[in-house]
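Asks: Protein sequences, first through last, are from chains A and B. Numbering-wise (the numbering used here), the first sequence opens with residue 268 and increments by one. Numbering-wise (the numbering used here), the second sequence opens with residue 268 and increments by one. Note that beta-carbon positions come from the ideal geometry of N, C-alpha and C, so glycine has one too.
Number of protein chains: 2
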Amino acid sequence: MDIKRPVSKTASLRDVAAKAGIGIATASSVLNGSRSNTRVSEATRKRIVDAARELRYHPNAVARALAGHPTKTLGVLFGLPRVTIAESNPFAFAVIEGILAGAAKEGYNVTLFTEPWVDAAQSLGKMRDGRVDGVIVIAASSQSDILPTLSEFGVPAVALAAAASDSPVPAVDVDNHAGSRMAVNHLLELGHRRIAHLQGDDTLSSAVRSRDGFLQALRDAGIEAAEGYVPAGTYEEKSGYERAIFLLERPDPPTAIVAANDVLAIAAIQAAHDRNVRVPEDLSVVGFDDIPMAAFIDPPLTTVHQDLLGMGTKAVRVLMQVLRGEATPGEPFLFMPVLVVRKSTAAPAVQSL
Amino acid sequence: MDIKRPVSKTASLRDVAAKAGIGIATASSVLNGSRSNTRVSEATRKRIVDAARELRYHPNAVARALAGHPTKTLGVLFGLPRVTIAESNPFAFAVIEGILAGAAKEGYNVTLFTEPWVDAAQSLGKMRDGRVDGVIVIAASSQSDILPTLSEFGVPAVALAAAASDSPVPAVDVDNHAGSRMAVNHLLELGHRRIAHLQGDDTLSSAVRSRDGFLQALRDAGIEAAEGYVPAGTYEEKSGYERAIFLLERPDPPTAIVAANDVLAIAAIQAAHDRNVRVPEDLSVVGFDDIPMAAFIDPPLTTVHQDLLGMGTKAVRVLMQVLRGEATPGEPFLFMPVLVVRKSTAAPAVQSL
DNA sequence: CTGAAAGCGCTTACAG
DNA sequence: CTGAAAGCGCTTACAG
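1) Starting from Asp479 of chain B, trace the alpha helix (DSSP H) both ways and give me its first and last residue.
2) With DSSP as the reference, label Asp440 of chain A as helix, strand or coil.
3) Restricting to Cα atoms, I'd like to know which of A:Ser296, A:Val362, A:Phe380, A:Ala523 is closest to Gly458 of chain A.
4) Between Gly288 of chain B and the rest of its own chain, which residues show a CB-CB distance below 8 Å, the 5 nearest in sequence each way excluded?
5) With a threshold of 8 Å between beta-carbons, can Pro559 of chain A be considered close to chain B, or not?
6) Is it buried or exposed, Ser447 of chain A, if we count other Cβ atoms within 10 angstroms and call 16 or more buried?
7) Under the assumption that Arg626 of chain A contacts Gly467 of chain A (Cβ atoms under 8 Å), give the Cβ distance between them as a whole number of angstroms.
8) Could you give the uninterrupted runs of the alpha helix (DSSP H) lying entirely in the segment 476-558 of chain B, keeping only those of 4 residues or more?
9) Out of B:Ala429, B:Ile462, B:Asn452, which one is the CA nearest neighbour of Asp519 of chain B?
10) Give me whichever residues DSSP pairs with Val425 of chain A in a beta bridge.
11) Within the 8 Å Cβ cut-off, does Ile291 of chain B reach chain A?
12) Quick check: is the beta carbon of Arg584 of chain A nearer than 8 Å to any beta carbon in chain B?
13) Can you tell me whether DSSP reads Leu568 of chain A as helix, strand or coil?
14) In whole angstroms, what separates the C-alpha of Ala387 of chain B from that of Ser434 of chain B?
15) Thinking Thr293 of chain A and Tyr324 of chain A are a contact (beta carbons under 8 Å), I'd like their distance in whole angstroms, please.
16) Looking at Asp396 of chain B: is its Cβ nearer than 8 Å to the Cβ of Pro326 of chain A?
17) Does DSSP put Ile289 of chain B in a helix, a strand or coil?
18) Can you check whether the CB of Thr569 of chain A is closer than 8 Å to the CB of Val585 of chain A?
19) Take every Cβ of the segment 505-520 of chain A, pair it with every Cβ of the segment 469-480 of chain A, and state whether three or more of those distances are shorter than 8 Å.
20) Should Met268 of chain A be labelled buried (16 or more other beta-carbon atoms within 10 Å of its own) or exposed?
21) What are the boundary residues of the alpha helix (DSSP H) that includes Ala583 of chain B?
22) Would you verify that the beta carbon of Tyr502 of chain B is, or is not, closer than 8 Å to some beta carbon of chain A?
23) Exposed or buried, what is Glu364 of chain B when buried is set at 16 or more other beta-carbons lying within 10 Å of its beta-carbon?
24) Between Ser619 of chain A and chain B, is there a C-beta pair that is closer than 8 Å?
25) CA-CA distance, Ala330 of chain A and Phe600 of chain B?
26) Can you round the beta-carbon distance between Pro449 of chain A and Leu606 of chain A to whole angstroms, since I take them to be within the 8 Å contact cut?
27) Give the C-beta separation of Ser621 of chain A and Asn443 of chain A to the nearest angstrom, bearing in mind that I take them to be a contact with Cβ-Cβ under 8 Å.
28) Tell whether a beta-carbon distance below 8 Å holds between Asp574 of chain B and Phe555 of chain B.
29) Would Leu357 of chain B pass as a contact of Ile558 of chain B if the rule is Cβ separation under 8 Å?
30) Can you tell me where the alpha helix (DSSP H) with Phe358 of chain A in it begins and where it stops?
31) Less than 8 Å between CB atoms is the rule here; does Tyr508 of chain A satisfy it with respect to chain B?
32) What's the C-alpha gap between Val283 of chain B and Ala361 of chain B?
33) Does the beta-carbon of Ala499 of chain B have 16 or more other beta-carbons within 10 angstroms, so that it is buried, or is it exposed?
34) Could you spell out the range, first to last residue, of the alpha helix (DSSP H) harbouring Ala310 of chain A?
35) Three-state secondary structure (DSSP) at His453 of chain B?
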């Protein structure tokens, strides 16, 4: 395939040096701020700057990068195996929006890797072929070798939404455990006792932490989740719908459901609707994320809000620390979510046992 | 600022050539498929491949780019002056999702420019400093010199959502004119005669085309829009709300509103609600875009659906044509939108004059 | 079939 | 204060 480069080439340092009648190193020094000893006479500096302007000189980023300069661009990789950002969700884009905001502040561009991470042998090279200074990995699966590999080969990286206490790279995430407890406690206060959980993919640490928080809150209240009240599944709508139907068709259906994300929660509401179970009268539902749509569905979703934008921005800041060689905290940086009570939760109609 | 590069350097072509005991050019030839005469004996080919694997060799993309290869990454620039993608909207992200899908298919990565285009002098350089092979500009303002500049300097580019018949670069867009006409005709069939329009920023060609389509459809039906029924404004929610209030408080309020995008339509519904005007009984509202939220608001929004994903993907395909030096159509490629009737439109309560 | 050399556009010591 | 040279890691004619 014959790919063309831009037609009119930009002037090079050599061109402006020639035009200014001086050496290339000096031109580099005044134009691109390289070199420490920027002692250049006003006269020649002006000659150089003028020449550059006339020639519309702009340094070639690729050449600078090859000569050892940072590229000032960071990479973003969606960590789910075989899933790219393109097939994604409100979640990923909210996070990316935060990353963009953070990157803008640091003068960085961001490149989105469209190819999913396969394994170290296949994918590591792309992370360090010179394009990016560092990478932010979103929602890496705990089964994947991506984080350990990046760490092993010294690729500056931070994990977003995949915190683990033994994370090989700095991590920023939301406190899913606390979020689940908030949801459960809210339902407990409303009088619910038969509470089920729709968990996410348990290869994702967020899903595990959500479930653990759910179980913990119940335990703290002296309640034991009924057998089968925490069916396994994924973060996808279909999985949520099926499990909700399963739960609602039990002889002892739950009076409330805590979903690991809003998509699952909305699916549960849909399932309830299809089974003529009223929300919130017969069934309370709590989500997690607070995606834009959450406030608009019927009934408006009670959910645990997380600051996706803030997390994206924070991830960039942490990556910058890594790039500067500054110390970074050993433990994941956790954002505290907040419960947003809307209309999908209410006291149970019949007092549960 | 002292930015670190990855700790463990990847092996270079020289390293593997040395290990394989052959020349660097040959290694380049077999490993990176450069050069046409790939006639290399099986024996040395194997030696090279083995050495590369052992050394975990991966070509340095920056060096290749400097040596004249395409970077296999395309840039995306949000064309609104002083607005970056980061402050954006469901619209931009849907388009980007399409771009990502298209880029993935072509083996391209995409870098999002976080800095807004200022003017040619300030920003042109960044578009051709070697990072990207070409760029997709989203929603460029007709006031901006961005498209003409890119064209003048031969930077491969395509305009997305900024079609103009005299576009300096290939364009892909939705047919806003047809979309508006669909909206108006739908209302006309319902029996409406007093129809107002909430237009977008008229520095954006989409807004102008929407308004023209609106006016045209009315004219075709032999109706003249009442004075002040097409107030100027922007695509933003606040602007939509204020204008809707203004329209509703008129002595002769419209019985229907055609908004240039869903955000404006939703704002209009909100305004109606705040003024105790029932939708759709007292006021019909039609949007444009069909953002995910549109189906979930109360009442579900009747709107003109555009295939944002498809447009993003198409833009990538057109950019690839440009990069390959293939001919591209002179006229903008227009996607035909489709009217989606939901619950925000109905026959007018009182027969309008 | 295979290698040495020049060049892509910069930066960085190192000399004057 | 300023310049010549080497080098970043590749590719591309050009020679054998």
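Replies: Result, derived from the coordinates:
1) Taken as a continuous stretch (DSSP letters only), the alpha helix (DSSP H) holding Asp479 of chain B covers 472-487.
2) Looking at Asp440 of chain A - three-state DSSP - the assignment turns out to be strand.
3) Of the candidates A:Ser296, A:Val362, A:Phe380, A:Ala523, the residue whose Cα lies closest to the Cα of Gly458 of chain A is A:Ala523.
4) Close CB contacts of Gly288 of chain B within its chain, under the 8 Å cut and outside five residues either way in sequence, are with Arg314 (chain order).
5) Output row for Pro559 of chain A: interface = yes.
6) Burial of Ser447 of chain A is indicated by the presence of at least 16 other C-beta atoms within 10 angstroms of its C-beta.
7) Past the boundaries of the shown model lies residue 626 of chain A; chain A is included only from 268 to 620, so the question cannot be answered.
8) Correct list: 504-515, 529-541.
9) The shortest Cα separation from Asp519 of chain B among B:Ala429, B:Ile462, B:Asn452 belongs to B:Ile462.
10) Val425 of chain A is bridged to A:Ile403.
11) No, Ile291 of chain B does not count as interfacial toward chain A.
12) Chain B, which has no Cβ nearer than 8 Å to the Cβ of Arg584 of chain A, makes this no.
13) The answer is coil: DSSP assigns Leu568 of chain A none of H, G, I, E or B.
14) Rounded to whole angstroms, Ala387 of chain B to Ser434 of chain B spans 17 Å at the Cα level.
15) About 14 Å separates the CB atoms of Thr293 of chain A and Tyr324 of chain A; that is not less than 8 Å, and the two are not in contact.
16) For the 8 Å CB-CB criterion, Asp396 of chain B and Pro326 of chain A form a contact.
17) In the structure shown, Ile289 of chain B adopts coil according to DSSP, grouped into three states.
18) No; because the gap between Cβ atoms is not below 8 Å, this pair is not in contact.
19) By the criterion of at least three beta-carbon pairs nearer than 8 Å, the segment 505-520 of chain A is not in contact with the segment 469-480 of chain A.
20) Confidence at Met268 of chain A is low in this model, with a pLDDT of 43, below 50, so the placement of that residue should be treated as unreliable; the coordinate-derived value is given next. It counts as exposed.
21) Sequence inspection shows Val at residue 583 of chain B; the Ala mentioned does not correspond to that position. Unbroken alpha helix (DSSP H) run through Val583 of chain B: 575-591.
22) Under the Cβ distance rule, Tyr502 of chain B does not count among the residues neighbouring chain A, no pair being separated by less than 8 Å.
23) Counting of Cβ neighbours within 10 angstroms places Glu364 of chain B among the buried residues, the total reaching 16 or more.
24) Confidence is the limiting factor: at Ser619 of chain A the pLDDT is only 46, short of 50, which leaves the residue's position unreliable and the question unanswerable from this model.
25) When rounded, the distance between both Cα atoms is 36 Å.
26) The identity of residue 449 of chain A in the sequence shown is Met, whereas the question assumes Pro. Right, their Cβ atoms sit about 4 Å apart.
27) Within the shown structure, residues of chain A are numbered from 268 to 620, placing residue 621 of chain A beyond reach of any answer.
28) Their beta carbons are not under 8 Å apart, which means Asp574 of chain B does not touch Phe555 of chain B by this criterion.
29) In the sequence as presented, Leu is not what sits at residue 357 of chain B; that position holds Pro. Contact check for Pro357 of chain B against Ile558 of chain B passes: the beta carbons are separated by less than 8 Å.
30) DSSP places Phe358 of chain A inside the alpha helix (DSSP H), whose first and last residues are 357-373.
31) It does not: the Cβ of Tyr508 of chain A has no partner Cβ on chain B nearer than 8 Å.
32) Cα to Cα, Val283 of chain B sits roughly 44 Å from Ala361 of chain B.
33) So Ala499 of chain B counts as exposed.
34) Taken as a continuous stretch (DSSP letters only), the alpha helix (DSSP H) holding Ala310 of chain A covers 309-321.
35) Reduced to three states, the DSSP call for His453 of chain B is helix.
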